[in-house]
Every structure is written in C-alpha cells, then in structure tokens.
Amino acid sequence: MWPSGGRHLWPSGETSKTQSHTRGHLVYAASGVLAVHTERGTSIVPANRVAWTPAGFTHHHRAHGDTDMRIVFLTPSLARLVPDHPAVFLASGLAREVLLALTGPRNHDDAPGYSRSARARLLRVLVDDLCEADEQPLHLPEPQDDRLQALARLLHENPADNATLAELGATIGASTRTLSRLFRSELGMTFYEWRTQLRIHHSLVLLADGHDTIRTAYACGWANPSSFIAAFTDIVGTTPGRHRAMRGNTGIGGR
Numbered sequence: 001m002w003p004s005g006g007r008h009l010w011p012s013g014e015t016s017k018t019q020s021h022t023r024g025h026l027v028y029a030a031s032g033v034l035a036v037h038t039e040r041g042t043s044i045v046p047a048n049r050v051a052w053t054p055a056g057f058t059h060h061h062r063a064h065g066d067t068d069m070r071i072v073f074l075t076p077s078l079a080r081l082v083p084d085h086p087a088v089f090l091a092s093g094l095a096r097e098v099l100l101a102l103t104g105p106r107n108h109d110d111a112p113g114y115s116r117s118a119r120a121r122l123l124r125v126l127v128d129d130l131c132e133a134d135e136q137p138l139h140l141p142e143p144q145d146d147r148l149q150a151l152a153r154l155l156h157e158n159p160a161d162n163a164t165l166a167e168l169g170a171t172i173g174a175s176t177r178t179l180s181r182l183f184r185s186e187l188g189m190t191f192y193e194w195r196t197q198l199r200i201h202h203s204l205v206l207l208a209d210g211h212d213t214i215r216t217a218y219a220c221g222w223a224n225p226s227s228f229i230a231a232f233t234d235i236v237g238t239t240p241g242r243h244r245a246m247r248g249n250t251g252i253g254g255r
C-alpha cells in the first residue's frame, strides 16, 4: 500500500480480507459503489459519499459494479476530529478533489509526489471539510439482539417482503412491543426506518449491477417506481437515474 492507502481498481464482486488497522481510514468510490462492513453494521458508499472507519474496527470492503476505490489513512491527531464510530459523509466537490489528489498519480510510480508538509495540509483541509458535513443515513446498523438478528436475516434475504412488524414478530417469536423497543434502544430508529435503509442499500447494489429503476423498485419492495424514487432521493440525495449516470461517468474515475 502507498502511504495514503492509494487507489485500487476492483471488478464487481471483489471483496477484501477481513482486517483492522492501527490508523483510521477514509474510503471513497470515484466510480462504482462500495460496501464497507464493520462489526457495527454496513455502510454503502456511492460516488457522492465518503465512509470513515476508525482505527481498530474489524472490517472488509466489497465492490458493486467496477469500482475505483480510493483509501486515505488519517494520523491519530486528525482522527480525533472525526467520529469515533463508522460513519458516512456527503462528499463535497472539495473533498472529492482532495481525495483524488492524495491518491492520484503524483503519489506513486515515478511521478514526483506531494511533500510531507503538502500532504499534511491537504489532509487537514479534507478533515476540516468533512467536519462541516453532516453524517449521512447510509450506515445500516447491525443488530446484536438475537430476535433482531433473526428479523434482519429474513429481510436481508428478501428485502421486498412487506410483512408488518407484527407478522415478522410472529415468525420469530417476539411481540411487536418488544421489537419496537429493541429497534429504538439498540439501533436508534424505528423498524420502518431501518427497513427503508436496508432497501436503499439493496437498491444501490442492484443499480450498481446494472438493473434499471423499475426493476430495482419492485425488487426492493416498493409498490411503484415513483415511491421508490422519492425514498431514494430523500436518503441518497439524488434520483436513481442520476445516480446511475454519475456512477457510470463521474468524469474523475481515471485520475
């Protein structure tokens, strides 16, 4: 690995080994979609987001669609300025350009790289920019309670399942009241918020694999494409169609 973590071109479906690092790192997909799996849950990283994994967290990455992955490690002094838990941030134009500069051709091969002081200044600009950005709702927390885990397995296997919480509870042997309390206390969201997040995660994977909006909407449990488009736009910040266009032609993937 280069000192910055560098650039990695992954074919669709490529998965890293499970690992942890002594320094926290930022991951950005200049093209494609990345899934970052940690012990706390899964973060989906489309081309307008940056994922943060703190030091010591066991994790692995998976590419959905051919993916241009950029990795930047942070020193402990900079890592203290960002959250102490896995998070996803909106990638501003400035953040994208700094990430690309830190992982571009000036940092490997025979090209002259940035000096240590220049890299330090760029990293500080990047962290300052991320500190101004709100955390994004693209991190799907992983339940720890056995009952929630059983429910999560059912919906991971079939995101289109429109069963109510009461119906799912009857399947796994837990009451609606108990499950609602667990979602709030353990995951910090309602069941319906969590299921919507799961479906959006699944939709990002399907779109990265080349499925169109209509097919993706029905595969993820929406009754009609317009409802899917509204939910997707609310969480991801752009429509599925624009997201696919951006993913396939970011204009920056070769840098």
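Per UniProt numbering, the sequence shown starts with residue 1, numbered consecutively.
Here a beta-carbon is modelled for each residue, glycine too, at the ideal position from N, C-alpha and C.
Item: R199 versus L74 - alpha carbon distance; Value: 32 Å
Item: Distance between A79 and S117 (C-alpha atoms, nearest Å); Value: 18 Å
Item: For H59 and S12, believed in contact at Cβ under 8 Å, the rounded distance; Value: That pair is no contact at about 20 Å.
Item: The ligand FAD heavy atom lying under 7 Å from the CB of A208; Value: The ligand FAD is not part of this structure, which contains no ligands at all.
Item: Status (buried if at least 16 other CB within 10 Å, exposed otherwise) for L148; Value: buried
Item: Residue ranges of each beta strand (DSSP E) within the region 18 to 76, 3 or longer; Value: 25 to 38, 41 to 45, 49 to 53, 59 to 73
Item: Proximity of Y28 and A91 at Cβ, strictly below 8 Å; Value: yes
Item: Contact set for A133: own chain, Cβ-Cβ below 6 Å, skip 5 residues either direction; Value: F89, L90
Item: Cβ-based neighbour list, L150, same chain, cut-off 6 Å, excluding 5 preceding and 5 following; Value: Per the sequence shown, residue 150 should be read as Ala rather than Leu. Hits under 6 Å: I172.
Item: Top-ranked residue by Cα proximity to E14, from G6, G32, T22; Value: G32
Item: Where the alpha helix (DSSP H) through V127 begins and ends; Value: 116 to 132
Item: Coarse secondary structure for A87, derived from DSSP in three states; Value: strand
Item: Buried versus exposed call for I44 [16 or more other C-beta atoms within 10 Å across all chains shown]; Value: buried
Item: G93 - containing alpha helix (DSSP H), residue span; Value: 93 to 102
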